[in-house]
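Enquirer: With my numbering, letter number 307 in the sequence shown gets 309, and the count goes up by one each step, no holes.
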Amino acid sequence: MISAEGGSALRADELDLRSARIAAGLQALGLRPGDAVAILLPNRPDWLLVHFAAARLGLLTIPINTWSKATEVDHYLSLGACRAVFVDSQFRGIDFTAILGAAHQAMKERGKASLEWLIELADAESAPGEITGVRRENLAAIEASGAALEAPDNALNERMIAFSTSGTTSAPKLAVHREPVLLSHAQAVASRAAITANDVVLGALPPCGAYGYTLLLAAMSAGARAIMVEEYDTAKIVETIARHGVTMMALTEPLMRKLLDHASDNPADLASLRLVFSAGGSLESVVARAETEFGFRLTNVYGSSEVLALASFWGDNAGIEQRSAAGGVLVSPGMQVRVASENDEELAPGTHGELQFKGPVVTRGYLANPEATAAARTTDGWYRSQDLGCLPDDSGQQFLYISRLGDAMRLKGFLVNPGEIESMLQSHPDVSAAQVVAIPDGQGEELAAAFVILREGAGVDDVALRAFCKENMASYKVPSVLQVLQQFPMTRSANGDKVVKHKLRDLAREALNQ
Numbered sequence: 003m004i005s006a007e008g009g010s011a012l013r014a015d016e017l018d019l020r021s022a023r024i025a026a027g028l029q030a031l032g033l034r035p036g037d038a039v040a041i042l043l044p045n046r047p048d049w050l051l052v053h054f055a056a057a058r059l060g061l062l063t064i065p066i067n068t069w070s071k072a073t074e075v076d077h078y079l080s081l082g083a084c085r086a087v088f089v090d091s092q093f094r095g096i097d098f099t100a101i102l103g104a105a106h107q108a109m110k111e112r113g114k115a116s117l118e119w120l121i122e123l124a125d126a127e128s129a130p131g132e133i134t135g136v137r138r139e140n141l142a143a144i145e146a147s148g149a150a151l152e153a154p155d156n157a158l159n160e161r162m163i164a165f166s167t168s169g170t171t172s173a174p175k176l177a178v179h180r181e182p183v184l185l186s187h188a189q190a191v192a193s194r195a196a197i198t199a200n201d202v203v204l205g206a207l208p209p210c211g212a213y214g215y216t217l218l219l220a221a222m223s224a225g226a227r228a229i230m231v232e233e234y235d236t237a238k239i240v241e242t243i244a245r246h247g248v249t250m251m252a253l254t255e256p257l258m259r260k261l262l263d264h265a266s267d268n269p270a271d272l273a274s275l276r277l278v279f280s281a282g283g284s285l286e287s288v289v290a291r292a293e294t295e296f297g298f299r300l301t302n303v304y305g306s307s308e309v310l311a312l313a314s315f316w317g318d319n320a321g322i323e324q325r326s327a328a329g330g331v332l333v334s335p336g337m338q339v340r341v342a343s344e345n346d347e348e349l350a351p352g353t354h355g356e357l358q359f360k361g362p363v364v365t366r367g368y369l370a371n372p373e374a375t376a377a378a379r380t381t382d383g384w385y386r387s388q389d390l391g392c393l394p395d396d397s398g399q400q401f402l403y404i405s406r407l408g409d410a411m412r413l414k415g416f417l418v419n420p421g422e423i424e425s426m427l428q429s430h431p432d433v434s435a436a437q438v439v440a441i442p443d444g445q446g447e448e449l450a451a452a453f454v455i456l457r458e459g460a461g462v463d464d465v466a467l468r469a470f471c472k473e474n475m476a477s478y479k480v481p482s483v484l485q486v487l488q489q490f491p492m493t494r495s496a497n498g499d500k501v502v503k504h505k506l507r508d509l510a511r512e513a514l515n516q
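1) In this structure, does DSSP put H430 in helix, strand or coil?
2) Do V191 and T167 have their CB atoms nearer than 8 Å?
3) How is the beta strand (DSSP E) around Q388 delimited, first residue to last?
4) Between the region 333–341 and the region 318–325, are three or more C-beta pairs nearer than 8 Å?
5) Got a sec? Which residues, its chain only, sit under 7 Å from R161 by beta carbon, not counting five neighbours each side?
6) Using CA coordinates, which residue listed in A146, A115, P47 is at the minimum distance from V75?
7) Pick from Q92, G113, C84, L349: whose alpha carbon is nearest that of A164?
8) Between Q388 and the rest of its own chain, which residues show a CB-CB distance below 6 Å, the 5 nearest in sequence each way excluded?
9) Report buried or exposed for P442, applying the criterion of at least 16 other Cβ atoms within 10 angstroms of its Cβ.
10) Run the CB neighbour count on M411, radius 10 Å, all protein chains shown included, and call it buried at 16 or more, exposed below.
11) Within its chain, find whatever has a CB closer than 8 Å to the CB of T242; leave out the 5 residues flanking it on each side and keep chain order.
12) For K472, is the classification buried or exposed, using 16 other Cβ atoms within 10 angstroms of its Cβ as the cut-off for buried?
13) Candidates A38, W69, S280: which alpha carbon is nearest E118's?
14) For A124, tell me which candidate among R112, V363, A55, D48 has the shortest Cα-Cα distance.
15) Could you tell me the distance, in whole angstroms, from the CA atom of R299 to the CA atom of A188?
16) Under the rule that 16 or more other beta-carbon atoms within 10 Å means buried, what is A226, buried or exposed?
17) Is F470 helix, strand or coil by DSSP?
18) The beta strand (DSSP E) that contains Q485, what's its start and end?
19) Which residue wins for smallest C-alpha separation from S425, given the options A56, E448, E308, L467?
20) So is L28 buried or exposed if we call it buried at 16+ other beta carbons inside 10 Å?
21) Using C-beta distances below 8 Å, list every residue in its chain close to S529, excluding the 5 sequence neighbours before and after it, in chain order.
22) Among V439, L514, E458, which residue has its Cα nearest to the Cα of K505?
23) Among V418, E448, N268, N515, which one has its Cα closest to the Cα of A476?
24) Quick one: what does DSSP say K260 is sitting in, helix, strand or coil?
25) Confirm, please, whether the CB-CB distance from F359 to V339 is below 8 Å.
26) How would you label R259, buried or exposed, when you count the other beta carbons within 10 angstroms and need 16 or more for buried?
27) Determine which residues share a DSSP beta bridge with I229 and list them.
28) With a threshold of 8 Å between beta carbons, is D463 in contact with chain B?
29) I'd like to confirm the pairing. Which residues does DSSP put opposite G367 in its beta bridges?
30) Closest to G283 by CA distance: which of G421, G103, V183, M251 is it?
31) Consult DSSP for T63 and reduce its assignment to one of helix, strand or coil.
32) In this structure, what does DSSP give as the bridge partners for P401?
33) Quick one: residues in its chain with C-beta nearer than 7 Å to the C-beta of G367, no 5 flanking neighbours on either side, listed in chain order?
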């Protein structure tokens, strides 16, 4: 069963029946297999309902984060050549109609106006009409149209969903995944994580991102109860865990740290948790704290829009140190990993290089972007992740993620993982979280810059923290810049809040020049 916190619920049979009705209604509107539709909806069961309806008809889903602005919406609608978009104009007081109107107008001016239908979820004020040339309809009316779905023989969609990339170095791309792969990977995740019908899985992250999407599908494949939360709020998340007896969830590193800090006064609020996934750098202090202070198992994971979320994580026999490291054992059958040089030559276990993947959960390619698709593949068919890592053995089944290739630091000639310095800082009892970036020193070398958030009531300062680093690390690893912040610069994404590294680098440069 899929339910919204404090709201509506959908049983599996209801989801099946209603999605079939909606698919028939979309077919009556003229949508056909191979067309693309965008979902601009909050994190609640309606999202999955319309997504599965689209899949029944062989439509490609383009998920759009509800935090997106008009220019971003324009980009995704244009890239997907979307014919319809699902929206709830009553969510959070945001004028999605205006956002979509501006996006559609921009598309028309470029001669790429593919959008034909705006499908509202809210019953109020959603009578049929037109918005800047786009016809407007009500989802309830479409579902109640009484049409029968005429499924073609090839109804199984080869392109089920296209997740957006982060777009840190260019405009976001859309990584396409096939329906059979998504379903088989969800089943593999459920099996590895031992999810059963007795579990209560919290969907704290929205399904518009691969991370939240994969966990929800895994929960559904195992028959577990899944609870979706419209908006992330740490206090409400803790309350939901306690009230519903949540046993599993997935978060990013910053959100995980906030959760533990908030629950520290009453650890019993998290007593029902048995397994939590977290994505980030080195999480040793967090993993240890989750186990010793709160009694649940926390494990780091690896995945992306291109290599599906939860592509790997460590098994039940892994200790705290191993579970703290991103990477793990590949989950889906047929997946392989290798480490390669800049020339795509395979490197021996224990050697640092680019992590490259091959197998079913790797994206088929970037939608409407053959150049980017070609650039992301080696001549022998491996996907270039642009992540730095190494292999502990020659099995091709497990690996350690170190950092993004661009984030790895070379300090005094030594290659250093920023997570190593972050872990050391976070081991200090007064430090709640740490971020480390590299900046050029102006003489062809790199310097480490560290930023920390202190626990409430902490008395330590930057001078004491640098002394702590000098006592516990080689001198070349000691940060040249160390600042205490109230909070890190963050950006919202479909896979949770993320630290904006380039803003930290700007702060570090300013501090260095003072």
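Think of the CB as a built atom: it goes at the ideal place given N, C-alpha and C, for glycine as much as any other residue.
Expert: Taking the coordinates as given:
1) As a position in the sequence shown, residue 430 is number 428, starting the count at 1. Coil, per DSSP.
2) Position 189 of the sequence shown, counted from the first residue, corresponds to residue 191. Position 165 of the sequence shown, counted from the first residue, corresponds to residue 167. Taking 8 Å as the Cβ cut-off, V191 and T167 do not qualify as a contacting pair.
3) Here residue 388 refers to the residue found at position 386 of the sequence shown. Unbroken beta strand (DSSP E) run through Q388: 385–392.
4) no
5) Counted from its first residue, the sequence shown places residue 161 at position 159. Answer for R161: L62, V178, R180, listed in chain order.
6) Counted from its first residue, the sequence shown places residue 75 at position 73. V75 has its Cα closest to that of A115, out of A146, A115, P47.
7) Taking the first residue of the sequence shown as 1, we reach residue 164 at position 162. Measuring from the Cα of A164, the nearest candidate turns out to be C84.
8) The sequence position of residue 388 within the sequence shown is 386, counting from 1. Excluding positions up to five away in sequence, the list reads L407.
9) Within the sequence shown, the letter at position 440 stands for residue 442. Answer is exposed; the Cβ neighbour count stays below 16.
10) The residue you call residue 411 lines up with position 409 of the sequence shown. Classification for M411: buried.
11) Position 240 of the sequence shown, counted from the first residue, corresponds to residue 242. Counting only Cβ-Cβ distances below 8 Å, and skipping sequence neighbours, we find E7, L204, I229, V231, V248.
12) Residue 472 sits at position 470 when you count from the first residue of the sequence shown. Exposed is the call here.
13) Taking the sequence shown and counting its residues from 1, the one referred to as residue 118 is at position 116. Looking at the Cα atoms, A38 is the closest of the given residues.
14) Here residue 124 corresponds to residue number 122 of the sequence shown, with the count starting at 1. Residue D48 is the option with its Cα nearest to A124.
15) For the purposes of this step, residue 299 is identified with residue 297 of the sequence shown, where counting begins at 1. For the purposes of this step, residue 188 is identified with residue 186 of the sequence shown, where counting begins at 1. Distance from the CA of R299 to the CA of A188, rounded to the nearest whole angstrom, comes to 20 Å.
16) Looking up residue 226 in the sequence shown gives position 224. A226 should be labelled buried.
17) One-based indexing of the sequence shown puts residue 470 at position 468. Of the three classes helix, strand and coil, the one that applies to F470 here is helix, per DSSP.
18) As a working note, residue 485 is residue 483 in the sequence shown. Unbroken beta strand (DSSP E) run through Q485: 483–486.
19) Taking the sequence shown and counting its residues from 1, the one referred to as residue 425 is at position 423. Taking only the C-alpha atoms, the option nearest S425 is L467.
20) The residue labelled residue 28 in the question sits at position 26 within the sequence shown. Buried: at least 16 other Cβ atoms inside 10 Å.
21) Only positions 3 to 516 of the chain appear in this structure, which leaves residue 529 out of reach.
22) For the purposes of this step, residue 505 is taken as the residue at position 503 of the sequence shown. Among V439, L514, E458, the Cα nearest to that of K505 is on V439.
23) Position 474 of the sequence shown, counted from the start, is the residue given in the question as residue 476. It is V418.
24) To locate residue 260, count along the sequence shown from 1; it is residue 258. K260: helix per DSSP, three-state reduction.
25) The count along the sequence shown starts at 1 and reaches residue 339 at position 337. The count along the sequence shown starts at 1 and reaches residue 359 at position 357. In contact: V339 and F359 (Cβ atoms closer than 8 Å).
26) What you label residue 259 is simply residue 257 of the sequence shown in a count that begins at 1. Classification of R259: buried, given that the 10 Å Cβ count is 16 or more.
27) Translated into the one-based positions of the sequence shown, residue 229 becomes position 227. S5, L204.
28) The chain labelled as chain B is not found in the depicted structure, where only one protein chain is given.
29) Here the question's residue 367 lines up with position 365 in the sequence shown. Beta-bridge pairing links G367 to V178.
30) One-based indexing of the sequence shown puts residue 283 at position 281. Closest by alpha carbon: G421.
31) Walking along the sequence shown from the start, residue 63 turns up at place 61. T63 falls in the strand class under three-state DSSP.
32) On the sequence shown, position 399 is the one that residue 401 refers to. Residue identity check: residue 401 is Phe in the sequence provided, not Pro. G330.
33) Counted from its first residue, the sequence shown places residue 367 at position 365. Around G367: V178, T375.
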